[in-house]
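Notes to accompany the following structure.
In the UniProt record's numbering, the protein residues as written are 1 to 280.
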């Protein structure tokens, strides 16, 4: 498991391209029959990816619970959300089988001990994208299908941000300690996300970009509103955004992204908006 330590506002202003990418960019998320894991000390969020092809894989395959978290098993004091962006999959958690099909989500409450992931068809393997945050209460685990998510249309083609926000792990859908998670899809011809930009000092966020053609790129903007920097991103990559940072992106093509938040609250609209003309 890769461990990242939090970077403050002042050091951020002087970081090179390589330093920014090393600290905030998450690549190689999906590896055949394996589980990747990046542990950030920013609100102690863990970003994981699993792509079981012709084998079942254990969620904690590359995690040492006692060494890494001081607990007996990974989710002893954590909750976890996942969205499957690949072929249909199956997750068995403490003996309970959950069918997690394409674009479905699964929430696992704190205290879930044994988690095994597999694909229904090895020729079209599941790709489980996951985030985990600390939790002090155990809420029931459940699948949230794509149909059960809240689908909120936003933006317009004229603004180059015609998109649908799909809210899965959200206060209107189910109870969690602090995790929120959803997926935003941009229509053809739309390339901007989260603009006008905002921050939320009470929550951090991880963006995972996918459905981006391999010959296209995305410019993810972050930093204080008057001290912005960018990271060039490719398909199936994620970026860690501190609470003091904006998080906005513009692609050379349309794309889809998964947003995941942890922090003091789960109020989706708790945002500090920044006028576009005030950005620097």
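Glycine included, each C-beta is placed from N, C-alpha and C at the ideal position.
Query raised in the report: Below 8 Å, can you find three or more Cβ-Cβ pairs linking the segment 177-192 to the segment 9-21?
Result: no
Query - Selected residue, minimal CA-CA separation from residue 224, among 132, 171, 247 - result: 247
Query raised in the report: Hey, residue 29 and residue 49 are a contact pair by Cβ (cut 8 Å); roughly how many whole angstroms apart?
Result: Taking C-beta atoms under 8 Å as the contact rule, residue 29 and residue 49 qualify, at a distance of about 3 Å.
Query raised in the report: Closest by CA to residue 95, which one among 137, 32, 153, 58?
Result: 58
**Report entry** Sequence-distant residues of its chain with Cβ nearer than 8 Å to residue 252 (five each side left out)
**Finding:** 191, 216, 217, 218
**Report entry** Residue from 103, 200, 112, 67 with nearest C-alpha to residue 266
**Finding:** 200
Query raised in the report: residue 163 lies in the beta strand (DSSP E); which residues open and close that run?
Result: 163-169
Query - The beta strand (DSSP E) enclosing residue 22, as first and last residue numbers - result: Careful: residue 22 lies outside any beta strand (DSSP E), inside the alpha helix (DSSP H) at 17-24.
Report task. Provide the residue span of the beta strand (DSSP E) that contains residue 82, from first to last. Result -> 78-84
**Report entry** Helix, strand or coil at residue 199 [DSSP, three-state]
**Finding:** strand
Query raised in the report: With DSSP run on the structure shown, which of helix, strand or coil describes residue 130?
Result: The three-state secondary structure of residue 130, taken from DSSP, is strand.
Report task. Consult DSSP for residue 66 and reduce its assignment to one of helix, strand or coil. Result -> helix
Query raised in the report: Leaving out the 5 sequence neighbours to the left and right, which residues in its chain are closer than 8 Å to residue 198 when beta-carbon positions are compared?
Result: 246, 271, 272, 273, 274
Requested in this report: Could you tell me the boundaries of the beta strand (DSSP E) in which residue 118 lies?
Outcome: From DSSP, the beta strand (DSSP E) with residue 118 extends over 115-119.
**Report entry** Continuous beta strand (DSSP E) stretch holding residue 99: start and end
**Finding:** First-last of the beta strand (DSSP E) with residue 99: 96-100.
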